[in-house]
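Down below is the structure, laid out as structure tokens.
Residue numbers (the working numbering): 74 to 303.
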């Protein structure tokens, strides 16, 4: 780097600083002549152009945004979308509860033909027709941290009646209040997804406290993201 900097200063920067730019046209003409007065000095143009080309290429391919900023923007966007989706989901969940509890109606539902939109969603997530039709109207309450916030759009894309409460940095001991509030309002779905444990270790007592807040007669799915450090 030091050698390149010295050469750049000696043969490019310093000459350009003292150059009389009113003679630029004549210099260009003389430069391209066969018997130019510049002679072998013209060869210095090759590494200079290479250096400029490499710099321009590096600037073009370098990421314009910090990956962390992209993630934060995605989380913020998903949180906004999830909040808007939640209102509609809560309104539909009572009807969905009755449907999921009625075996005859569920069997009839599984025989339905997928719409074009449903087919695309099922294909995108690798779901069979039966798998998609089984879950897409299932009432679901999802509580989690930034991992859930980042993936809430995908979850609500498949579980159209899913209510999502996700917050960056959420700890396990904060989940109880959210669950209790939903339960008091009658908005806690029969199926509950917990996505916690990323931000700190969990004790058996804390896990039992969350399960107690959910109560009986609920199917609980607990997902904890494990990031290997070795």
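Built from N, CA and C at the ideal position, the CB exists for glycine as well.
Only a predicted model underlies this, so the values are computations on that prediction, with no experimental measurement involved.
Reduced DSSP secondary structure (H/G/I, E/B, other) of residue i
i, result
"residue 154", "helix"
"residue 237", "strand"
"residue 265", "strand"
"residue 296", "coil"
"residue 315", "This structure does not reach residue 315, given that the chain is present from 74 up to 303, and the question cannot be answered."
"residue 88", "helix"
"residue 249", "helix"
6 angstroms CB neighbourhood of residue i in its chain, flanking five on each side removed
i, result
"residue 220", "268, 271 and 298"
"residue 237", "155, 215 and 225"
"residue 239", "217, 221, 222 and 225"
"residue 205", "195"
"residue 296", "268"
Of the listed residues the options, nearest to residue i (C-alpha basis)
i, options, result
"residue 285", "274, 265, 296 and 210", "265"
"residue 287", "295, 223, 180 and 261", "261"
"residue 166", "153, 211, 91 and 243", "211"
"residue 158", "149, 86, 247 and 235", "235"
"residue 291", "123, 252, 182 and 120", "252"
"residue 241", "91, 283, 151 and 230", "151"
"residue 161", "227, 198, 232 and 184", "232"
"residue 198", "228, 213, 180 and 184", "228"
"residue 191", "230, 180, 153 and 213", "230"
"residue 274", "256, 255, 244 and 263", "244"
Between the CA atoms of residue j and residue i - distance to the nearest angstrom
i, j, result
"residue 101", "residue 128", "24 angstroms"
"residue 208", "residue 145", "29 angstroms"
"residue 120", "residue 126", "10 angstroms"
"residue 147", "residue 182", "34 angstroms"
"residue 186", "residue 201", "12 angstroms"
"residue 294", "residue 133", "45 angstroms"
"residue 249", "residue 289", "15 angstroms"
"residue 131", "residue 79", "21 angstroms"
"residue 88", "residue 149", "52 angstroms"
"residue 247", "residue 280", "12 angstroms"
Residues near residue i by beta carbon distance below 8 angstroms, same chain, minus five either side
i, result
"residue 163", "236 and 260"
Problem set entry | Complete alpha helix (DSSP H) runs within the region 198–243 (minimum length 4 residues, chain order) | Within the region 198–243, the complete alpha helix (DSSP H) runs of at least 4 residues are 202–208 and 219–231.
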